[in-house]
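Input: a single structure, listed below in structure tokens.
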Amino acid sequence: MNDLQEQKETTLSFEKIKKDILRPMQNHKGLELWIAFLITVISVCAWAYYVQLRDGLGVTGMRDYVSWGLYIANFVFFVAVSLVGMLISSILGLLRIDWITPISRIAEIIAVAFVAVAGLVIIMDMGRPDRVVNVLIHGRFQSPILWDITVVTTYLTISLLLLILPMIPDLAICKNELKKASPILKKLYNILSFGYINTPSQYKHLHKMIRTLMVLIVPVGLAIHTVTSWLFAATLRNGWDTTIFGPYFVAGAFVAGSAGLIVAMYFFRVSYKLKDYITDVQFDKMGKLMVAVCLVYLYFNLNEFLVPGYKMKTGDDIHLTELFAGHWAIMFWSSQLLGNVIPIMLLVTKKFRKPFPIMIISLFILAGAWIKRYVIVIPTLLHPHLPIQNVPQNFVHYYPSAIEISVTVLSFALALLIITVLSKIFPVVPICEIAEQKGIEVKIEA
Amino acid sequence: MKEETSNNSRRKFLKSVGLTVGAAGVVSGFSLLGAAKAAAQEPGETVNLLTQDGQLVQVDKNQLRPTVTGPLTELQKRGREGIAGKSFVMVIDLSKCRNARKCMDACQNHHQLRPDQHHINVLQMQDAEHTAPYFMPKPCQHCDNPPCTKVCPVDATFKRQDGIVLIDNERCIGCRFCIAACPYSARIFQWTEPKDAEKYKNLTYNIEANVPQKKGTVSKCLFSADRLRENKLPSCVSSCPNGVYYFGDQNEDAVTNGTTHETVRFSKLIEENAGYTLMPELGTKPRVYYLPPKNRAFEFNGDLLNEENLH
Chain A
1 MNDLQEQKET TLSFEKIKKD ILRPMQNHKG LELWIAFLIT VISVCAWAYY
51 VQLRDGLGVT GMRDYVSWGL YIANFVFFVA VSLVGMLISS ILGLLRIDWI
101 TPISRIAEII AVAFVAVAGL VIIMDMGRPD RVVNVLIHGR FQSPILWDIT
151 VVTTYLTISL LLLILPMIPD LAICKNELKK ASPILKKLYN ILSFGYINTP
201 SQYKHLHKMI RTLMVLIVPV GLAIHTVTSW LFAATLRNGW DTTIFGPYFV
251 AGAFVAGSAG LIVAMYFFRV SYKLKDYITD VQFDKMGKLM VAVCLVYLYF
301 NLNEFLVPGY KMKTGDDIHL TELFAGHWAI MFWSSQLLGN VIPIMLLVTK
351 KFRKPFPIMI ISLFILAGAW IKRYVIVIPT LLHPHLPIQN VPQNFVHYYP
401 SAIEISVTVL SFALALLIIT VLSKIFPVVP ICEIAEQKGI EVKIEA
Chain B
1 MKEETSNNSR RKFLKSVGLT VGAAGVVSGF SLLGAAKAAA QEPGETVNLL
51 TQDGQLVQVD KNQLRPTVTG PLTELQKRGR EGIAGKSFVM VIDLSKCRNA
101 RKCMDACQNH HQLRPDQHHI NVLQMQDAEH TAPYFMPKPC QHCDNPPCTK
151 VCPVDATFKR QDGIVLIDNE RCIGCRFCIA ACPYSARIFQ WTEPKDAEKY
201 KNLTYNIEAN VPQKKGTVSK CLFSADRLRE NKLPSCVSSC PNGVYYFGDQ
251 NEDAVTNGTT HETVRFSKLI EENAGYTLMP ELGTKPRVYY LPPKNRAFEF
301 NGDLLNEENL H
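Keeping their order, the protein sequence lines are chains A and B.
For what it's worth, full-length UniProt numbering labels the leading residue of the first sequence as 1, then goes sequentially.
For what it's worth, full-length UniProt numbering labels the leading residue of the second sequence as 1, then goes sequentially.
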């Protein structure tokens with residue numbers, strides 16, 4: 001940190017912090033337009049889902065061989081991005097790393113939004129969503145799907161708690177400061193602030209709870225992505241039948257989640273005018289973290305593709321040839337290069353860790369991460385053990401239909417809407433924690 | 001396997017009206033119990049029934065009798081239990097298969113499938129570049145260590161005591177995990193409204209035949225479990241003109257050829273012809289055995305294009 005920045009920071013007062021962070025929640029025309037836009041997209045795309053419900057999954061590009069397609073790839077991507085909550089606010093939080101303070105809440109909001117929508121995506125993929133309750137009535141714990149449902153809901157619950165609990169002091173401030181908020185919101189602030197007035201005993205209890213949750217979410221976060229990988233690794237198919245899928249998916253999730261967080265940080269910094277809080281330091285550190293997680297992911301990719309590629313076992317050979325040099329080569333190599341190798345090379349340089357360049361790089365990483373999920377799910381299904389014969393041409397290839405793409409857009413719009421609404425009604429940067437960190441006294445009136 | 005001689009009167013009656021009606025076809029609320037007694041009565045109102053070979057026929061309502069319990073629950077219950085004391089196996093003699101595809105037709109008829117939907121599929125195989133190509137009918141392998149039933153989240157697909165792996169389309173949620181898990185690509189999905197859905201919509205669902213097929217659920221070969229209950233051979237086995245299929249009970253160590261009706265010792269057949277199972281390295285323990293395509297009864301007349309066609 002240079003001297004100039006330090007000087008600037010010391011001029012911050014508690015009042016100014018409150019004012020800066022609460023401003024976008026009260027008056028932000030752009031945000032309202034953005035919400036209206038998202039709702040329009042959701043309404044249009046909901047029609048696509050209605051068509052799917054009415055006519056069956058036949059309106060998608062999926063057929064008997066590629067029986068999991070865009071939806072499942074998208075589900076894996078959503079689960080991956082949601083893992084950032086556990087990485088930032090828990091792992092780094094437990095290590096008492098201080099630069100995460102201003103971005104930990106954004107990470108938690110992303111986690112909640114993406115894991116909630118991931119659950120919905122699975123229902124959108126079901127042939128009989130009307131029978132979803134069968135999972136409760138006839139649920140079999142031998143099935144990885146049951147494990148997935150369990151960890152997804154657990155992760156959502158703990159993430160919600162990890163969003164709300166550290167926010168209690170801030171919500172007490174909202175209750176006092178946001179006089180013009182709607183009655184519903186006022187009630188919400190009132191309830192969720194739990195009468196917090198920052199007494200030493202309240203402070204102690206709250207932080208004890210938060211730290212417990214931080215510890216709890218680590219195994220759950222690992223489980224959610226490991227179990228998601230097991231949906232594939234538990235089968236006998238070439239390309240999925242591998243033992244490193246769990247850690248491989250977790251590593252990939254850290255990459256996708258970090259990229260998602262960087263993009264969100266950039267937009268909140270610009271749109272909410274939070275330059276003084278989400279500073280260049282946060283982007284610089286996130287850039288370094290990104291290099292680290294990308295390197296781990298690269299290592300897993302080497303293991304996942306190089307080892308079977310060296311042996312070229314029957315079954316694996318067709319699958320890998322198609323990935324490396326066949327139909328899937330462009331997607332495979334763009335996900336590896338644009339989504340991993342090139343970002344590592346760029347982000348080791350300080351100038352690429354400035355907010356704008358790293359945001360652009362993160363967009364590429366996110367796109368690469370999404371394509372990577374697609375390349376993990378679909379090619380394997382096109383290369384079964386026995387030949388695909390006596391079926392129409394559209395069984396042999398897979399191209400997502402317009403309906404399928406619309407439903408996928410719906411899931412993205414939903415996740416963005418949840419993030420936007422949460423950031424509209426809650427302070428995206430923790431007011432009290434920032435003040436505390438800067439040695440400013442926190443005053444909350446009863 | 002021979003036709004049962006008990007229940008003679010009923011069978012005779014059914015034959016006399018040119019029908020072989022499985023329990024599958026019984027319209028909700030009725031069964032064929034006591035049908036023979038009713039035959040003497042005056043003809044009255046008729047109802048639609050589904051015959052074993054997939055035809056809809058009209059039967060006099062007088063020939064039907066109400067059952068005590070709801071037929072759906074009854075069918076579901078016995079469908080889940082299976083046939084006590086049996087352990088069904090199939091043997092497919094690859095040296096005899098000449099791709100007549102009568103098995104596929106009969107199967108699609110029986111299970112109300114479209115021409116592109118296969119419970120059994122005759123594949124053109126070539127194991128390596130310079131090995132001889134051959135035809136391989138591929139039904140569900142009814143594995144003893146089934147990867148599909150393991151992953152089902154709702155117990156909609158399950159293994160019965162007689163070895164058959166079945167699907168309950170009234171319970172299936174359509175997650176398609178079993179399709180992903182099956183290494184033999186034996187499972188299909190009803191992506192849209194099934195074939196003739198409108199025609200069959202009033203039929204009571206029969207778990208042992210997967211008919212009527214249900215939109216948004218998985219379907220697959222069931223060894224014609226409904227026919228087995230009547231001591232008949234599966235549709236594919238009966239319809240083969242070339243003597244490819246043997247089917248029977250491993251507990252009796254006897255399998256019957258569907259074409260010649262000759263019954264032989266299962267263990268001897270496998271031993272003498274070096275019978276094998278598909279992809280034994282996967283540990284799925286199939287109940288379908290293959291006899292190698294040796295001394296073939298025909299010239300391979302397939303159109304193997306290239307390696308691409310094979311994988």
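Ideal placement from N, C-alpha and C gives every residue a C-beta, glycine not left out.
Fair warning: this is a prediction, and the values are worked out from it, not measured in the lab.
What distance in whole Å lies between the Cβ atoms of Y272(A) and V428(A), which are believed to be in contact at a cut-off of 8 Å? 6 Å
Could you list which residues in chain A have their beta carbon closer than 9 Å to that of M279(B), in chain order? L236, H385, L386
Would you identify the three-state DSSP class for A172(A), choosing helix, strand or coil? helix
I want to verify the contact list: residues of chain B whose CB lies under 8 Å from the CB of V135(A), in sequence order. P153, V154, I173
Unbroken beta strand (DSSP E) run spanning T150(A), endpoints: Careful: T150(A) lies outside any beta strand (DSSP E), inside the alpha helix (DSSP H) at 144–164.
Once the 5 residues before and after L269(B) are set aside, which same chain residues still bring their CB inside 8 Å of it? V91, Y246, V255, G275, L291
Report the partner residues of I92(B) according to the DSSP bridge assignment. Y245(B), Y290(B)
The segment 50–70 of chain A: positions lying closer than 9 Å to chain B by Cβ: D55, G56, L57, G58, V59, T60, M62, R63, D64, Y65, S67, W68
Who are the neighbours of L146(A) on chain B, taking C-beta pairs under 7 Å? P153
Apart from the five residues on each side of it in sequence, which residues of its chain come closer than 8 Å, Cβ to Cβ, to A367(A)? L338, G339
Rounding to the nearest angstrom, what Cα-Cα distance links G239(A) and V307(A) in this structure? 12 Å
Own chain residues within Cβ distance below 8 Å of A100(B), not counting five before or after: C240, P241, N242
Please state if the CB of G260(A) and the CB of V84(A) are separated by a distance shorter than 8 Å. yes
For the segment 320–398 of chain A, which segments carrying the alpha helix (DSSP H) assignment without a break, of at least 4 residues, lie completely within its bounds, in sequence order? 329–336, 342–347, 355–382, 393–396
Going by other Cβ atoms of all chains shown within 10 Å of its Cβ, with 16 needed for buried, is G30(A) buried or exposed? exposed
Could one say the Cβ of A180(B) lies closer than 8 Å to chain A's Cβ atoms, at least one of them? yes
How should S182(A) be labelled, buried or exposed, when 16 other C-beta atoms within 10 angstroms of its C-beta is the threshold for buried? exposed
Do T235(A) and F249(A) count as a contact pair if the criterion is CB distance below 8 Å? no
Just curious, the alpha helix (DSSP H) that F232(A) is in, first and last residue? 200–233
For the alpha helix (DSSP H) containing Y248(A), list its first residue and its last residue. 245–271
I109(A) in three-state terms, based on DSSP: helix
For a test of the three-state rule: what should DSSP assign to K16(A), helix, strand or coil? helix
Kindly indicate the opening and closing residues of the alpha helix (DSSP H) around F77(A). 70–82
Let me check one thing: in DSSP terms, what residues is K138(B) bridge-paired to? N121(B)
Taking C-beta to C-beta, are P355(A) and Y266(A) nearer than 8 Å? yes
Neighbourhood of F189(B) by C-beta distance below 7 Å, restricted to the same chain and skipping five residues each side: R176, I179, V218
Is A197(B) closer than 8 Å to K220(B) when the C-beta atoms are compared? no
Does the count of Cβ pairs from the segment 213–223 of chain A and the segment 77–96 of chain A closer than 8 Å reach three? yes
Which of helix, strand or coil does DSSP assign to I97(A)? coil
Top-ranked residue by Cα proximity to D55(A), from T46(B), E193(B), G258(B), P280(B): E193(B)
Below 8 Å on the Cβ atoms is my guess for P387(A) versus L323(A); work out the distance and round it to an integer in Å. Not a contact, Cβ separation roughly 19 Å.
Indicate whether C143(B) and V122(B) have their beta-carbon atoms separated by less than 8 Å. no
Across which residues does DSSP place N48(B) in a beta bridge pair? Q58(B)
Classification of T260(B) by the beta-carbon crowding that lies within 10 angstroms, buried from 16 upward: exposed
Nearest residue (CA-CA) to N109(B), options L56(B), K86(B), F298(B), L94(B): L56(B)
If contact means a Cβ-Cβ distance below 7 Å, which residues of the segment 212–241 of chain B contact chain A? K215, G216, T217
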